[in-house]
Each structure stands twice: as C-alpha cells, then as structure tokens.
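Some notes on the structure that comes next.
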Amino acid sequence: MSTLEDELTIEVGGEPQGGCPCCDPFAAAPQGYVLRNGEPLAVYYSDGRIPGPLSAAEVTISMGRWHETSTAADRRTASFRLTRAGNKTVATGLNANDSRWAVLATLGPMLTRAELAADPKVEVFRRVALAIAARDPRIIEALQPRDNETARLTPRKTGGPFTARPASLQDTAK
1093 MSTLEDELTI EVGGEPQGGC PCCDPFAAAP QGYVLRNGEP LAVYYSDGRI
1143 PGPLSAAEVT ISMGRWHETS TAADRRTASF RLTRAGNKTV ATGLNANDSR
1193 WAVLATLGPM LTRAELAADP KVEVFRRVAL AIAARDPRII EALQPRDNET
1243 ARLTPRKTGG PFTARPASLQ DTAK
C-alpha cells in the first residue's frame, strides 16, 4: 500500500527572483510543481532567504485542479514556514495573504492560519510542504544549519519568556 509521499513527484521549476510578482514575470514563475500519480496537484513558490538567526524557508502551495479548463476557484492556497527540529523538518502554517505571492490571482483563495487549521486537507497541505522540503535542493540548502547554529533557550534580560538564540551568539548576549 503506497503512502501519499510515495505518490508525489516534485518537479523543481525556476529560480526564485527578488522582484514583485505583480510586476515581474520572473518573480511570478512557480519554483516547482507537485504531481500525484503523474497528475498535476499543486504549484509552489518558495523563499529560502528568511532573515533571522535560525535556518528557515517559506513555501506557498496552491493545490487543486490545474487542468486547461480550471480556474482559481478550483484551487486553495496555503503557506508554511519550514524549520528544522533535530533531524526533522517542521511545517508551521502561516497566513497565505502575507506571502509575497498573494497578488497572483491564479492561485485561488488564500487560507489564513485559522482556515488552514480547520481545512479538511490541512494534513495533505502539510505533507506536500514536507515533501517539497525533502526534495527541492534549494529548500534543503536553506534548511541547513547556519554557521555554528545551535539554538539554546536564553532568558530575556527584562524577564518574561525565553528566546531562542544561536549558540554562536550566546557569549555576546551578556
């Protein structure tokens, strides 16, 4: 019996561009395509240049019908932040409207974090995001630990909750 992951094929598309998707056709080109048993399932856009001390990437996935006669109404779009926790990748839902690709009308309705959590296909979206993270070399590279990256929880000087900081910054945090 095959699993969803066995049924998925990730086809890497164009390189992400830094421009605005509404103005720059190269920035609007999908970074990849997802097939399920050879049939189109989704397109995705990704950004592995997430600022901050820990490795992360964002992926926006538009899933649904991608046939000639389909329209944006046949698809839904979800966004995830991908991070590493030990040797596993974690996909955390984001508001798709916050992605830079929210301006692309062909993607279909943008799910908020709450809508994604309540969506019956949330696990399919998440598993597609994790398959992309495991098979797109650009995302794999973006999720590699940065120089001397080891996250440690450190107390804030002002009290309150802890904050995750790379171990390489621990000595400078005093």
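According to our numbering, the sequence shown is numbered sequentially starting from 1093. Beta carbons: idealized from backbone N, C-alpha and C, even for Gly. Since we're looking at a predicted model, the values are computed, not measured.
Sequence-distant residues of its chain with Cβ nearer than 7 Å to residue i (five each side left out)
i            : result
residue 1148 : 1142, 1173, 1174, 1175
residue 1128 : 1099, 1100
Per DSSP, cross-strand counterpart(s) of residue i
i            : result
residue 1172 : 1151, 1185
residue 1101 : 1127
residue 1202 : 1169
residue 1138 : 1151
Per-residue DSSP class, three states only, for residue i
i            : result
residue 1086 : In this structure the chain extends from 1093 to 1266, so residue 1086 is not present and cannot be described.
residue 1164 : helix
residue 1209 : helix
residue 1263 : In this prediction, residue 1263 has a pLDDT of 41, which is less than 50 and means its spatial position is unreliable; what the coordinates show is noted afterwards. Three-state DSSP puts residue 1263 in a helix.
residue 1237 : coil
Backbone CA spacing between residue i and residue j [nearest angstrom]
i            : j            : result
residue 1207 : residue 1215 : 13 Å
residue 1045 : residue 1162 : Residue 1045 lies beyond the stretch modelled for the chain, which goes from 1093 to 1266, so this question has no answer here.
residue 1093 : residue 1235 : 31 Å
residue 1223 : residue 1229 : 11 Å
residue 1265 : residue 1182 : Since pLDDT at residue 1265 reaches only 42, below the 50 mark, its modelled position is unreliable, and no value is offered.
Same chain, Cβ closer than 6 Å to residue i, neighbours up to 5 away in sequence not counted
i            : result
residue 1132 : 1158
The region 1150 to 1159 / the region 1174 to 1192 touching (three or more Cβ pairs under 8 Å): yes
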